[in-house]
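In the numbering used here, the protein residues as written are 1 to 152.
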């Protein structure tokens, strides 16, 4: 299995970043140009749940939507899902992603590291590694710092 990962430092506590990532309403408002809509279409975010992501105009020339089946949740820390539908599923199988939010040592109340890691196999030898997906995910996570919810 191939893998690819990246991380960004967020100027907010890991717990808050985790809550934002798991909340469909917040996810849909952070940067709609990148992620237009997030919705649990089955379940509540626990393992076995399905989440549909519809991408915005900044990234939908690469991926328009993705259906994810949540495989593992470590509450407050990480979530692993497998893409079961959408554009990425036509390029990679399996395609499994883990998002992890880790407090930065010494700055636990104000800073965290958000990591994106994919494990995948290409369906066609000409398909490149999912670097665009990584860059889009990390670019989206950077907007967590800038998001000022009205009622969070």
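All C-beta atoms, glycine included, are put in the ideal place defined by N, C-alpha and C. Note that this is a predicted model, so its numbers are computed, not measured.
Counting of Cβ neighbours within 10 angstroms places residue 86 among the buried residues, the total reaching 16 or more. Residue 39 is bridged by DSSP to 52. With fewer than three CB-CB distances shorter than 8 Å, the stretch 15 to 33 does not count as touching the stretch 116 to 125. Rounded to the nearest whole angstrom, the CA to CA distance from residue 80 to residue 70 is 6 Å. Between residue 35 and residue 112 a beta carbon distance of about 20 Å is seen, past the 8 Å cut, so the two are scored as non-contacting. If the five residues before and after residue 100 are omitted, its C-beta is found closer than 7 Å to the C-beta atoms of 77, 78 and 115, all from its own chain and listed in chain order. Using a 10 angstroms sphere on the CB of residue 41, the tally of other CB atoms stays under 16, which defines it as exposed. If you compare the alpha carbons of 4, 8, 3 and 2 with that of residue 143, the shortest gap goes to 8. For residue 114, the secondary structure class from DSSP, reduced to helix, strand or coil, is strand. In this structure residue 38 is buried. Its beta-carbon is surrounded by 16 or more other beta-carbon atoms within 10 angstroms. DSSP places residue 28 in the helix class (H, G or I) of the three-state scheme. Spatial neighbours of residue 93 in its own chain (CB-CB distance under 7 Å, excluding positions within 5 residues in sequence) are listed in chain order as 121 and 123. Annotation for residue 5: the continuous beta strand (DSSP E) segment containing it runs 2 to 10. In this structure residue 27 is buried. Its beta-carbon is surrounded by 16 or more other beta-carbon atoms within 10 angstroms.
Uninterrupted beta strand (DSSP E) stretches at least 3 residues long and entirely within the stretch 54 to 116 occur at 65 to 74, 78 to 86 and 92 to 103, given in chain order.
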